[in-house]
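To keep things clear, I will list the structure first and then write my remarks on it.
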Amino acid sequence: VYTEFILKKNNDCLDWQQMQLYGFGVFFNIVTLTIADLRAGFNKGAWAIVLLDGYNWATYMCVVNLSFAGMLTSWVLKFADTVTKVIATSMAMLLSSAISIIYFKEQPSLQLFLGIGISTLAVRLYYFELPKPGDEKPCAEAVVPPNTIPFQHGDGKQGA
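Residue 534 is where the sequence shown starts when you use the working numbering, and the numbers rise one by one after that.
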């Protein structure tokens with residue numbers, strides 16, 4: 534919620550705001566890696582040299598994918614709201630599950646179907662328009678037995 538507040542409080546360019554937000558993350562990660570190397574005595578080499586050792590194409594694709602996901606999340610938080618972000622994230626997970634089932638021959642589980650149902654219900658409830666106060670319309674008229682229909686006497690009194 535605080536990140537959303539930071540993104541929405543001014544009209545700076547989204548790219549500049551992302552550089553500010555991610556700059557803190559990069560700075561603190563560099564400090565943490567440097568301290569860890571100093572404590573370990575650089576026994577595996579400096580972090581800047583061995584940072585990408587052991588990566589393959591799938592790792593690079595995962596990093597690219599998560600980078601775009603982070604930028605998209607920032608866009609959603611700036612121009613939409615947190616609930617929209619949560620709904621979009623849950624729908625993206627469902628899409629990822631469907632792709633995994635199709636391409637990797639994964640077996641769907643009960644938890645997947647429950648997640649699909651709950652997420653679909655959440656989307657439906659969030660975007661379902663509720664009636665505004667004063668716009669309520671009766672669902673059905675009350676059924677009154679024929680011998681108890683109220684009538685008005687000539688003198689203005691109610692009778693049964």
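Heads up, the beta-carbon is just placed ideally off N, CA and C, and yes, glycines get one too.
No experiment lies behind these values; they were computed from the predicted model shown.
Quiz item: Are the stretch 602-612 and the stretch 579-593 touching by the rule of at least three beta carbon pairs closer than 8 Å?
Solution: no
Quiz item: For residue 630, does the three-state DSSP call read helix, strand or coil?
Solution: helix
Exercise. Please classify residue 577: does DSSP put it in a helix, a strand, or coil?
Key: coil
Quiz item: When the Cα atoms are used, what is the spatial distance from residue 536 to residue 650?
Solution: 29 Å
Quiz item: Is the distance from the Cβ of residue 659 to the Cβ of residue 616 below 8 Å?
Solution: yes
Quiz item: Got a sec, what are the start and stop residues for the alpha helix (DSSP H) residue 611 sits in?
Solution: 590-612
Quiz item: Considering residue 646, what are the terminal residues of the alpha helix (DSSP H) in which it resides?
Solution: 643-660
Quiz item: Is it right to say residue 553 is buried, meaning 16 or more other beta carbons lie within 10 angstroms of its own, or is it exposed?
Solution: exposed
Practice problem: Determine the DSSP secondary structure at residue 640, reduced to helix, strand or coil. | Solution: coil
Practice problem: Kindly indicate which residue of 611, 619, 662 has the alpha-carbon position closest to the one of residue 548. | Solution: 611
Quiz item: Pick from 578, 566, 624: whose alpha carbon is nearest that of residue 655?
Solution: 624
Exercise. Assess, as a yes-or-no matter, whether the stretch 557-570 is touched by the stretch 578-591 under the definition of 3 or more beta carbon pairs within less than 8 Å.
Key: yes
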